[in-house]
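In my numbering, the protein residues as written are 2 to 82.
Beta carbons: idealized from backbone N, C-alpha and C, even for Gly.
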Amino acid sequence: MAERVDDAELSMNQLEALKDMAIDNIRKQAQVVSQVFTGKCRYSNESIESGIYCDAECAQWHREEQAAKQRKYGMRPAGFD
């Protein structure tokens, strides 16, 4: 009987590890997608020729906003490790 419990516990641990790996992979993919050039600033939505922000100030404001959300809601913003 103890062997069945150990097997069940091992299976649950493996499933939990697989679930965690899947979540991590989804987060990594989301970070890559969020960094793709769209022609618009990620913060102000202004048209841009390259990059993801129109200038350094927009980048800083966006990072500050994301950090505030993380503090307030406990969210980990994508792309801001």
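At which residue ranges does the segment 21–65 contain complete beta strand (DSSP E) runs of 3 or more residues, listed in the order of the chain? None, since the segment 21–65 contains no complete beta strand (DSSP E) of that length.
What separation, rounded to the nearest whole angstrom, lies between the Cα atoms of residue 20 and residue 29? Within the sequence shown, numbered from 1, the residue matching residue 20 stands at position 19. Within the sequence shown, numbered from 1, the residue matching residue 29 stands at position 28. For residue 20 and residue 29, the distance between alpha carbons rounds to 14 Å.
Leaving out five residues before and five after residue 43 in sequence, what residues of the same chain have Cβ atoms less than 7 Å from its Cβ? As a position in the sequence shown, residue 43 is number 42, starting the count at 1. Excluding residues within five positions, the ones whose Cβ falls inside 7 Å are 53, 54, 63.
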